[in-house]
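Engineer: Dropping the structure in here first, questions after.
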Amino acid sequence: MFTELDRHRRTLSQRATLGTADMRLLWLLSDDEPRTLKQIAERLGLEQSTANRQVNAAVTAGLLVRERDHSAAPYRFTATPRGAREFERNLHATLDTYRHALNALGPDRARFLDLLQKFLDACGGSLDAETTVIRRDELG
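Given below as structure tokens:
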């Protein structure tokens, strides 16, 4: 079952015109609030060097634009109209797929979502538990 779910996830990913990094950047900037590289890194929980690489790639691809008020100010980034359109298109394609699958469940939809949330909470709890951590120093 998990293999099939992963196959569906990969198919969605292959059909997408944007990768995960671009989707996360465009999601963050979808509120039309310009942000500095530091703000982007902090909000997405990324190292500043990683955010820099991802943001510069998105600028090069025409998804983001960088501007600054004056030469000493940090650059602030916003989505381009093309970036915003691509984000919406990819988001809607993914959500439409999920909506279609959930609607196929009919009256069991709410119960499924409740059980799925419980499953995800249990997985998160298990991953957070000290006993599930394998430390490098324990590997010998």
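Taking full-length UniProt numbering, the leading residue of the sequence shown gets 1, the next gets one more, and so forth.
Every residue, glycine too, gets a C-beta built ideally from N, C-alpha and C.
1) Quick one: measure Cβ to Cβ for Gln54 and Leu25, integer angstroms, because I've assumed they're closer than 8 Å.
2) Closest to Leu44 by C-alpha separation, out of Asp22, Leu116, Gly83, would be which residue?
3) Could you give the distance in angstroms between the alpha-carbon of Thr17 and the alpha-carbon of Arg10?
4) Tell me, to the nearest whole angstrom, how far the beta carbon of Leu105 is from that of Phe112; I am working on the premise that it is less than 8 Å.
5) So, Leu64 versus Thr78, is the Cβ gap smaller than 8 Å?
6) Beta carbon of Tyr75, beta carbon of Glu88: below 8 Å?
7) My output table needs one value for Glu47: the three-state DSSP class, helix, strand or coil.
8) Is DSSP giving Leu95 helix, strand or coil here?
9) Would the beta-carbon of Ala58 fall within 8 Å of that of Leu37?
10) Could you please give me the residues that DSSP links to Thr36 through a beta bridge?
11) Can you name the residues that DSSP bridges to Glu88?
Structural biologist: Put simply:
1) 6 Å
2) Asp22
3) 13 Å
4) 5 Å
5) yes
6) no
7) coil
8) helix
9) no
10) Arg76
11) The partner list for Glu88 (beta bridge, DSSP) is empty, contrary to what the question assumes.
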